[in-house]
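A quick write-up on the structure given underneath.
Residue numbers (the UniProt record's numbering): 1 to 305.
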């Protein structure tokens, strides 16, 4: 037990048992001279503490020994024991290392490997960002059916959390049914445990693309390219309310009035209306060879170019 702790124990005995200092010191084995000793701060201590705190902020992963070495190199009388005493006095600790989040994406989950073959087979989701005319941030959550190219959701807000994503999905599931898969990048809103667990309970497979490979989520990239070119680059958003109103109008026009070249120049809504919505219906309409990547998933290998 250190002398300082013994001093504290002596004071506790005196308080708890109304013991004299002499008897309490004898019981603890603390010399009375040590009990009455008080550390006298050196004249340079305030400056030393200030510099120690500056070094700790600059090098948060350094412990007291390395900080003491840096202080000595600067000319301070900073032994390890002295720095340790001041370190404890200031309540300093080396922060625990943060565990790096494991990336979930793999190349096999890209749209070039696992292609949607019927309605609600694969949905894709991502975020798009812009600002109001006053510079306030705007964020859109875009959810698209990869097969029909329908824009199922285009939620606009200042910020969108994983809880907001779940609420939006719940509304879509009630309207369109539950998709078999959802494809996305490794954004924290999409890889959150709450979302993954909820989707797993509903039987929705998550397809996370390889980090740094946006082309593997090509349908989202294509949809966002049109969104930026035909909407964000054209409109000016004076407020969040104005942005939401314009977003609703653009989504309606995109789904019901804009011909889509990859759909034979029909609108996504028209194409979706005559599209099969299950693997069995899609197979009977256009027989496909099951992909060896995922037997029974409804995926097909892309045709060779």
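Cβ atoms here follow ideal geometry from the backbone N, Cα and C, with glycine treated the same way.
*Can you tell which of 167, 143 and 92 has its C-alpha closest to the C-alpha of residue 185?*
The residue labelled residue 185 in the question sits at position 185 within the chain shown. Ranking 167, 143 and 92 by Cα distance to residue 185 puts 143 first.
*Which one of 223, 238 and 252 has the shortest CA to CA distance from residue 261?*
The sequence position of residue 261 within the chain shown is 261, counting from 1. When C-alpha distances from residue 261 are compared across 223, 238 and 252, the shortest belongs to 223.
_Option in 253, 178 and 129 with minimal Cα separation from residue 159_ = Along the chain shown, read from residue 1 onward, the residue named residue 159 stands at position 159. For residue 159, the closest alpha carbon among the candidates 253, 178 and 129 is that of 129.
*Assuming residue 195 and residue 162 make a contact with CB atoms under 8 Å, what is their CB distance in whole Å?*
Working through the chain shown from its first residue, we reach residue 195 at position 195. Working through the chain shown from its first residue, we reach residue 162 at position 162. That belief holds up - the Cβ atoms of residue 195 and residue 162 are roughly 5 Å apart, short of 8 Å.
_Pair within 9 Å by beta-carbon distance, residue 82 and residue 70_ = As a first step, residue 82 must be located in the chain shown, where it is residue number 82. As a first step, residue 70 must be located in the chain shown, where it is residue number 70. Contact annotation: residue 82 and residue 70 have beta-carbon atoms that are not nearer than 9 Å.
*Count the other C-beta atoms from every protein chain shown that fall within 10 angstroms of the C-beta of residue 31, then say buried if there are 16 or more, exposed otherwise.*
Indexing the chain shown from 1 puts residue 31 at position 31. Under a 10 Å Cβ-count criterion, residue 31 is classified as exposed, with fewer than 16 other Cβ atoms of the shown protein chains found around its own Cβ.
*Could you tell me whether the Cβ of residue 10 comes closer than 9 Å to any Cβ of chain C?*
This model lacks chain C altogether, as it is built from one protein chain only.
*Just grab the DSSP bridge partners of residue 145 for me.*
Position 145 of the chain shown, counted from the first residue, corresponds to residue 145. The bridge partners DSSP lists for residue 145 are 123.
*Where does residue 197 sit, in a helix, a strand or coil, going by DSSP?*
Indexing the chain shown from 1 puts residue 197 at position 197. The answer is helix: DSSP assigns residue 197 an H, G or I state.
*Taking all protein chains shown into account, do 16 or more other C-beta atoms lie within 10 angstroms of the C-beta of residue 306, making it buried, or fewer, making it exposed?*
The displayed coordinates of the chain run from 1 to 305. Any statement about residue 306 would go beyond what the structure contains.
*Same chain, Cβ closer than 6 Å to residue 90, neighbours up to 5 away in sequence not counted*: Here residue 90 corresponds to residue number 90 of the chain shown, with the count starting at 1. Cβ neighbours of residue 90 within its own chain (closer than 6 Å, five residues either side excluded): none.
*Between 167, 168, 141 and 188, which lies nearest to residue 156 when the distance is taken from Cα to Cα?*
Against the chain shown, residue 156 aligns to sequence position 156. Comparing Cα-Cα distances from residue 156 to each of 167, 168, 141 and 188, the minimum goes to 141.
*Give me the Cα-Cα distance between residue 65 and residue 20, rounded to the nearest whole angstrom.*
Here residue 65 refers to the residue found at position 65 when the chain shown is read from its first residue. Here residue 20 refers to the residue found at position 20 when the chain shown is read from its first residue. When the Cα atoms are used, residue 65 and residue 20 turn out to be separated by approximately 40 Å.
*Taking residue 151 as part of the beta strand (DSSP E), name the residues at either end of that continuous run.*
The sequence position of residue 151 within the chain shown is 151, counting from 1. Unbroken beta strand (DSSP E) run through residue 151: 151-157.
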